[in-house]
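So the structure is just underneath, and the comments pick up after that.
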Amino acid sequence: MESINIIIDALPTLLKGLYWTVVITVISLIIALIIGLVLGICSITRNKLLRAIATIYVDIIRGTPILVQILFIYFGLPSVTGITMSALTAGIIAISINAGAYLVEIFRAGINSIDKGQMEAGRTLGFSYAETMRIIILPQAVRRMIPAFVNQFIVSIKDTSLLSVIGIAELTFAGQSIYAMNFRAFQILFAVGVLYFIIIYILTMFSRWLERRLDVS
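Right, here's the structure in full:
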């Protein structure tokens, strides 16, 4: 009973941390989608410079730990540029850049999965490359990529737990601040894990439902 009371008392603070976890993830993924779309298209163009930029970005971000990226953006860049930023801003930038690298590959694979004849048909109809991509290719590709987008959302939610190292009051940091005061680490971390599990389970079920709907259609 005592453990339950401890969790109940901690719940408002944990739910506030969960709120910030979701907010950070949503904002970051919106930015990451823009990065992924732009560089995803760059990665399949005939322009060697644009392809090189996309490839270098993906290789660097995917080849380094996200924790290093968070610390680099929050501590490293200001020490060189002299421009300081809040922990929240640094966290959103780090999650966005990291998720963006994976979304580049998702967009690239999704666009490449569309039959090349679709592009040729669009150009034959008089559409420019950009118009063909926007009107014909991307709508089909995005439909196939939706489950992958949901999966990246799940990954990014878990990645936000690392933002506690720079003091962002997301769910993990909220849990740490509570058990630092009441020394009930087991109960608090159990509650933190349950909250993560609930939101990720909901997203996982949503992703599976989407996959079934898309398979049927």
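Sequential numbering from 23 applies to the sequence shown in this note's numbering. Even glycine gets a Cβ: it sits at the ideal position worked out from N, Cα and C. No experiment lies behind these values; they were computed from the predicted model shown.
Helix, strand or coil at residue i according to DSSP, with G and I counted as helix
i      : result
PHE171 : helix
THR182 : helix
GLY4   : Outside the displayed range of the chain (23 to 239) lies residue 4, so it cannot be described from this structure.
THR67  : coil
GLU142 : helix
ARG230 : helix
MET203 : helix
PRO161 : helix
MET107 : coil
GLY58  : helix
ALA191 : coil
Proximity test, Cβ basis, 8 Å: residue i and chain C
i      : result
LEU184 : This model lacks chain C altogether, as it is built from one protein chain only.
CB of residue i within 8 Å of CB of residue j, strictly
i      : j      : result
LEU51  : LEU193 : no
ALA112 : SER135 : no
PHE129 : GLY85  : no
ALA196 : LYS38  : yes
ASP181 : ILE133 : no
SER65  : ALA76  : yes
THR43  : PHE175 : no
ASN120 : ILE82  : no
Which listed residue (the options) has its alpha carbon closest to that of residue i
i      : options                           : result
ILE188 : GLN174, ALA202, SER229 and LEU110 : LEU110
VAL2   : PHE219, ALA191, ASN204 and SER229 : Residue 2 lies beyond the range of the chain shown here (23 to 239); nothing can be said about it.
ILE168 : GLN91, LEU125, ALA152 and GLY85   : LEU125
SER253 : ILE29, PRO34, GLU24 and ILE49     : Since the first residue of the chain shown is 23 and the last is 239, residue 253 is not available in this structure.
ALA123 : LYS180, LEU71 and VAL60           : VAL60
PRO87  : LEU184, GLN209 and PHE205         : LEU184
PHE228 : LEU217, PHE171, TYR79 and THR106  : PHE171
Residue i, buried or exposed, once every other Cβ within 10 Å from all chains shown has been counted against 16
i      : result
ALA152 : exposed
ARG234 : exposed
THR67  : exposed
ALA143 : exposed
VAL214 : buried
VAL102 : exposed
ALA207 : exposed
ALA74  : exposed
ILE220 : exposed
Proximity test, residue i beta-carbon vs the ligand GDP heavy atom, cut-off 7 Å
i     : result
ASP31 : Only the bare structure without any ligand can be found here, which leaves the ligand GDP out of the picture.
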